[in-house]
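full-length UniProt numbering puts the sequence shown at residues 1 to 408. Some notes on the structure that comes next.
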Amino acid sequence: MLSNSSSTDEHGLFVGGGLFLEPAVSSSLVSSLSARASAGSVSFRGRKRRTAAASPVVLGFLSVSLSVKGEEGFVREKKCVEEEEEAVVAAAPAGMEKEEVGKDVKVRRGRVMNTTKHLWSGAVAAMVSRTFVAPLERLKLEYIVRGSKKNLFELIKSIAVSQGLKGFWKGNFVNILRTAPFKAINFYAYDTYRKQLLKMSGNEETTNSERFIAGAAAGITATILCLPLDTIRTKMVAPGGEALGGVIGVFQHMVKTEGFFSLYKGLGPSIISMAPSGAVFYGVYDILKSSYLHSPEGMKRIMNQQEGGDLNAFDQLELGPMRTLLYGAIAGACAEAATYPFEVVRRQLQLQVQATKLNAFATCLKIVEQGGVPALYAGLIPSLLQVLPSASISYFVYEFMKIVLKVE
1 MLSNSSSTDE HGLFVGGGLF LEPAVSSSLV SSLSARASAG SVSFRGRKRR TAAASPVVLG
61 FLSVSLSVKG EEGFVREKKC VEEEEEAVVA AAPAGMEKEE VGKDVKVRRG RVMNTTKHLW
121 SGAVAAMVSR TFVAPLERLK LEYIVRGSKK NLFELIKSIA VSQGLKGFWK GNFVNILRTA
181 PFKAINFYAY DTYRKQLLKM SGNEETTNSE RFIAGAAAGI TATILCLPLD TIRTKMVAPG
241 GEALGGVIGV FQHMVKTEGF FSLYKGLGPS IISMAPSGAV FYGVYDILKS SYLHSPEGMK
301 RIMNQQEGGD LNAFDQLELG PMRTLLYGAI AGACAEAATY PFEVVRRQLQ LQVQATKLNA
361 FATCLKIVEQ GGVPALYAGL IPSLLQVLPS ASISYFVYEF MKIVLKVE
């Protein structure tokens with residue numbers, strides 16, 4: 001069955017429909033598919049666009065819904081799909097062989113699948129690491145958000161008595177919702193930017209400056225896309241946040257009382273902190289990794305991996321399990337120490353209401369006036385205790401998942 005709806009405007013024809021096709025698809029494809037799809041459902045959507053030469057180019061996509069009705073129905077539908085594939089090949093640009101079209105389709109599918117696996121590697125790394133260090137993250141927020149003056153052991157006892165063991169994982173689900181896409185985008189963006197910079201420079205290996213630039217760009221990209229969830233989580237653990245309900249309740253309250261862009265409170269400090277944080281985190285890790293791989297021990301390990309035959313995922317790690325954990329921890333500690341004051345200012349900005357809202361610089365001055373320069377480092381020790389295992393586990397799981405999922 002073929003369904004299409006069309007409307008004409010000054011740019012041409014629009015027909016409603018399905019899955020993306022190659023740009024050069026003739027308008028006769030609609031009627032061609034209609035005649036063949038006796039056992040399935042086909043819908044087509046395209047738009048004719050005129051080029052400078054006034055020749056129409058169709059941009060469209062096609063979907064096929066099939067149902068199996070016994071052996072005969074299956075055969076009919078299989079033939080229908082094969083005929084439709086032939087139609088796509090026939091509609092390819094002139095001079096393009098069927099094998100070339102098929103190869104191009106496979107390459108595109110491979111890229112999409114590789115990107116998906118790459119993102120999942122980063123997401124799983126965030127889930128595992130954040131759940132493991134959630135209690136330390138909670139302690140850090142108590143110092144930054146609630147301004148707790150208790151020492152570390154007193155604070156642990158207070159949370160355990162008032163909220164029980166589950167109190168240390170308060171807000172962890174929202175934290176995972178924030179960090180999973182954040183880390184997925186962050187890791188993927190860094191690898192993508194680094195490869196593009198390497199391609200542009202034409203060097204055999206990425207330089208240190210390119211690593212820092214790629215890391216900074218990755219941090220900015222992930223921050224812009226994921227900041228609203230971080231703002232919601234901060235609001236939830238702040239005094240009075242429990243009364244607002246869960247994620248949806250806090251979201252509705254903030255949008256209703258302060259407007260949608262209140263979700264982006266502290267965007268400036270976030271970008272200012274995440275750019276150097278990403279640069280240091282990825283840059284330090286990659287520099288340590290490169291130094292090891294160029295050392296005699298590292299080259300020997302690579303040679304053994306190439307000659308080792310079937311190796312498990314742990315043995316396939318370029319740095320090995322322990323060195324991956326160690327380098328991840330060092331990179332995380334360096335990044336956290338270098339950018340922690342920005343984190344304190346950002347958290348305070350997220351808690352401000354519209355009526356008494358201050359800019360980032362004024363907020364920083366207020367923090368210093370009230371508690372001195374050390375106030376900018378409030379909670380640094382529990383933060384480092386959280387970052388060390390978080391960064392090491394995060395990088396370890398990320399590298400491990402790339403091997404398991406066979407990310408190219």
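The beta carbon of each residue, even a glycine, is placed where N, CA and C say it ideally should be.
#1: Let me know the secondary structure DSSP gives Glu-369 once reduced to three states.
#2: Pull up the distance between the alpha-carbon of Arg-138 and that of Gly-268, whole angstroms please.
#3: Quick check: the stretch 266–283 against the stretch 207–226, are there 3 or more CB pairs under 8 Å?
#4: Is it the case that the Cβ atoms of Met-401 and Val-105 are separated by a distance below 8 Å?
#5: Whose CA, out of Gln-163, Thr-192, Glu-154, lies closest to the CA of Asn-114?
#6: Are the beta-carbon atoms of Ala-189 and Ala-217 separated by less than 8 Å?
#7: State the DSSP-derived secondary structure class of His-294, mapped to helix, strand or coil.
#8: With distances taken between CB atoms, is the gap from Arg-130 to Asn-175 smaller than 8 Å?
#9: Tell me which residues share the same chain as Ile-403 and place their Cβ nearer than 6 Å to its Cβ, disregarding the 5 neighbours each side in the sequence.
#10: Please tell me whether Gln-386 and Lys-183 are closer than 8 Å, where the distance is taken between their beta carbons.
#11: I need the DSSP call for Glu-100, collapsed to helix, strand or coil.
#12: Can you list, in chain order, the residues of its chain whose CB lies under 8 Å from that of Met-333, leaving out five sequence neighbours each side?
#13: Would you kindly work out how many angstroms separate the C-alpha atoms of Glu-408 and Glu-100, rounded to a whole number?
#14: Leaving out five residues on either side along the sequence, give the residues of the same chain with a beta carbon under 6 Å from the beta carbon of Ala-134.
#15: List, from N- to C-terminal side, the alpha helix (DSSP H) runs of 4 residues or more that fit wholly inside the stretch 265–317.
#16: With DSSP collapsed to three states, give me the class of Glu-408.
#17: Can you find the residues in the same chain that come closer than 7 Å, C-beta to C-beta, to Ala-360, ignoring five residues on each side of it along the sequence?
#18: For Glu-399, collect the residues of the same chain with a Cβ closer than 7 Å to its Cβ; drop the 5 residues on either side in sequence, then sort them by chain order.
#19: Just verifying my parser: in three-state terms, what is the DSSP assignment at Thr-207?
#20: What is the DSSP secondary structure of Pro-239, counted as helix, strand or coil?
#21: Indicate the three-state DSSP secondary structure (helix, strand or coil) for Pro-389 in the structure shown.
#22: Rounded to the nearest angstrom, how far is the Cβ of Arg-211 from that of Ile-287, given a contact under 8 Å?
#23: By Cβ distance below 6 Å, which residues in the same chain neighbour Ala-329 in space, the five residues on each side in sequence not counted?
#24: Would Gly-379 be called buried (16 or more neighbouring beta carbons within 10 Å of its own) or exposed?
#25: Quick one: what does DSSP say Ala-378 is sitting in, helix, strand or coil?
#26: CB residue 409 to CB Ala-375, shorter than 8 Å?
#27: Compute the Euclidean distance between the alpha carbons of Pro-23 and Arg-108, then round it to the nearest angstrom.
#28: Three-state secondary structure (DSSP) at Asn-186?
#29: Whole angstroms are fine: how far does the CA of Ile-302 sit from the CA of Val-397?
#30: Which of the three DSSP states, helix, strand or coil, is assigned to Lys-106?
#31: At which residues does the alpha helix (DSSP H) containing Lys-166 begin and terminate?
#32: Determine the extent of the alpha helix (DSSP H) in which Gly-328 is found, giving its start and end residues.
Taking the geometry as given:
#1: helix
#2: 24 Å
#3: yes
#4: no
#5: Thr-192
#6: yes
#7: coil
#8: yes
#9: Ala-313, Gln-316
#10: no
#11: helix
#12: Checking the displayed sequence, the identity of residue 333 turns out to be Ala instead of Met. Counting only Cβ-Cβ distances below 8 Å, and skipping sequence neighbours, we find Leu-384, Val-387, Leu-388, Ala-391.
#13: 22 Å
#14: Trp-169, Asn-172
#15: 267–293, 296–307, 313–316
#16: coil
#17: Gly-268, Pro-269, Val-345, Leu-349
#18: Leu-317, Thr-324
#19: coil
#20: coil
#21: helix
#22: 7 Å
#23: Leu-388, Ala-391, Ser-392
#24: buried
#25: coil
#26: With the chain covering 1 to 408 only, the question about residue 409 has no answer from this structure.
#27: Residue confidence for Pro-23 is low, a pLDDT of 46 falling below 50, so the modelled location carries little weight; the figure read from the coordinates is stated next. Those two C-alpha atoms are separated by around 14 Å.
#28: helix
#29: 20 Å
#30: helix
#31: Neither: Lys-166 is in no alpha helix (DSSP H) and is coded neither H nor E.
#32: 321–351
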